[in-house]
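Residue numbers for the sequence shown follow this note's numbering, so the first one is 666 and each next one is one higher. Structure, as structure tokens:
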Amino acid sequence: MVTYRSFFYPMHLALLCVGENFMPIAWWTPVSKQPFRFLLAIDRQNHTLTLLRQLGEAALAFPAWQDRAWVVRAGYLSGKRTAKAQKLGVTLRPACRLTHTFVPEGALAVFELQVQEQASDGDHALFLGEVLHVQGSAQAKSAPILFLGFRDFAALSSERWRFRP
Ligand SMILES: Cc1cc2nc3c(=O)[nH]c(=O)nc-3n(C[C@H](O)[C@H](O)[C@H](O)COP(=O)(O)O)c2cc1C
666 MVTYRSFFYP
676 MHLALLCVGE
686 NFMPIAWWTP
696 VSKQPFRFLL
706 AIDRQNHTLT
716 LLRQLGEAAL
726 AFPAWQDRAW
736 VVRAGYLSGK
746 RTAKAQKLGV
756 TLRPACRLTH
766 TFVPEGALAV
776 FELQVQEQAS
786 DGDHALFLGE
796 VLHVQGSAQA
806 KSAPILFLGF
816 RDFAALSSER
826 WRFRP
């Protein structure tokens, strides 16, 4: 078996909100346009895993670069012991199409998901999320939090290039 190495970073950091709890998540990816679906990898130690199994829903939110401090700090706290929104001073609002889940005010984009666990024996549990509601705009691309690994983060550079076939 090969040792894990993180040479595939940077990853675009998102915030996974389940119920009134939230955690930063780097291991997420879109996997289908029609139907619109995301895949989420959740460490089996995380309280979020229990909540996903209990509630069957989540919101994948994209906070702006300016919110990086509280977003990352949420990854060093557990919702099992801490009401993170209160502790971090984050204002939440109810999701539009979910029953139990709250999302941070001011996120650049929010994808509300109905989630189903997929069989997997890795150290991360896998959840397929069917998108029920989307909020956001193309502007959301402008200020992502890029996770470089360990405790390092970067903003998007201003350099652009359009491929013309
Ligand atoms: C930058 C960053 C990225 C993270 N990415 C993931 C991830 O992709 N999957 C995961 O399960 N945990 C990830 N974590 C860890 C969780 O956010 C962290 O364990 C959190 O405290 C779990 O909170 P909970 O116990 O309330 O669920 C990440 C943490 C940080 C700081």
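Glycine included, each C-beta is placed from N, C-alpha and C at the ideal position.
Spatial neighbours of H677 in its own chain (CB-CB distance under 6 angstroms, excluding positions within 5 residues in sequence) are listed in chain order as P809.
Annotated as distal: L791 and Q804, with beta-carbon spacing of 8 angstroms or more.
Taking all protein chains shown into account, V736 has 16 or more neighbouring C-beta atoms within 10 Å of its C-beta and is therefore buried. Comparing alpha-carbon positions, the option among D786, L813, F687 lying closest to A760 turns out to be F687. Between the alpha carbons of F767 and K745 lies a distance of about 17 angstroms. Per the C-alpha coordinates, the member of F828, R827, R816 positioned closest to A739 is R816. In terms of CA proximity to T756, E685 leads the group Y669, S671, E685. With 16 or more other Cβ atoms from the protein chains shown falling within 10 Å of its own Cβ, K749 counts as buried.
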